[in-house]
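In the numbering used here, the protein residues as written are 13 to 265. Think of the CB as a built atom: it goes at the ideal place given N, C-alpha and C, for glycine as much as any other residue. Computed from a predicted model, the values in this text were never measured in an experiment. First comes the structure, then the notes that go with it.
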Ligand SMILES: [Zn+2]
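What follows is the structure in structure tokens.
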């Protein structure tokens with residue numbers, strides 16, 4: 013996918029857009045080697061995330077859950093942003109209002125240079141005290157205590173600062189994502205199946221608000237039928253092509 017052939021209507025709306033929301037999911041990090049929580053042949057191969065990423069699992073066996081996150085943190089620390097992350101970060105300077113709303117916890121958008129970012133599912137790069145809510149770097153916490161969650165000065169246990177199954181999304185981040193989606197001119201969905209509620213509701217909200225809807229995903233999703241432009245390609249191929257096409261528009265900056 014080297015040259016994107018945008019329709020005249022899509023070109024015109026991208027040329028005049030001022031408010032853009034990028035909504036990203038696991039597919040964005042696939043080409044960084046983080047396509048799955050599951051290990052390949054490793055210690056955690058037979059574990060299902062649904063059995064580890066819950067408050068109940070952490071209460072029942074904190075050491076086991078901590079070790080799993082220590083392993084995942086290692087994978088994330090070793091990964092690099094890919095061309096999709098880089099293209100998404102680059103577009104931040106093109107539009108007056110631009111926000112990335114991600115379901116990923118790997119921090120790769122920030123490492124690629126994205127600044128205006130909402131992490132709906134928290135971050136694997138921080139650990140947070142269950143009791144007092146103070147936080148610290150996950151890497152430091154893991155280095156200090158690789159086998160079990162370290163204790164906070166208050167006596168509480170540290171846990172990864174991610175949203176577990178059955179937990180509510182961070183209220184403020186979700187409210188801001190909601191507001192931005194309802195008011196945007198362009199909603200770009202990348203690498204997400206759109207099936208995770210309530211995050212997926214943002215797509216409908218943007219559509220109802222009349223935004224141009226662009227979907228980048230190799231497989232069709234329940235929202236593909238709403239797309240004004242659908243790029244059925246891996247994010248690492250589609251995003252650089254889309255960014256180049258947008259940068260070539262005469263946006264009269
Ligand atoms: Zn504490």
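Item                                                                                      : Value
DSSP state of residue 37 mapped onto helix, strand, coil                                  : coil
Residue 143 Cβ short of 7 Å to ligand 1 heavy atom set                                    : yes
Residue 19 in three-state terms, based on DSSP                                            : coil
Residue 109 - partner residues in DSSP beta bridges                                       : 31
Endpoints, beta strand (DSSP E) assigned at residue 174                                   : 170–174
Assigned secondary structure, residue 142 (DSSP; H/G/I helix, E/B strand, else coil)      : coil
Residue from 21, 27, 88 and 219 whose Cα sits closest to the Cα of residue 261            : 27
Helix, strand or coil at residue 235 according to DSSP, with G and I counted as helix     : coil
Beta-carbon gap between residue 43 and residue 247 smaller than 8 Å                       : yes
Proximity test, residue 164 beta-carbon vs ligand 1 heavy atom, cut-off 7 Å               : yes
Beta-carbon proximity list for residue 21, same chain, < 6 Å, skipping 5 on both sides    : none
beta-carbon residue 196 near ligand 1 non-hydrogen atom, thresh 7 Å                       : no
Burial state of residue 227, where buried means 16 or more other Cβ atoms lie within 10 Å : buried
Residue(s) in a DSSP beta bridge with residue 100                                         : According to DSSP, residue 100 bridges with nothing at all.
Closer than 7 Å: residue 168 CB and nearest ligand 1 heavy atom                           : yes
Backbone CA spacing between residue 16 and residue 257 [nearest angstrom]                 : 6 Å
Simplified DSSP state of residue 157, which is helix, strand or coil                      : coil
Proximity to residue 174 [Cα-Cα], best of 115, 83 and 33                                  : 115
Span separating the alpha-carbon of residue 144 from that of residue 180                  : 18 Å
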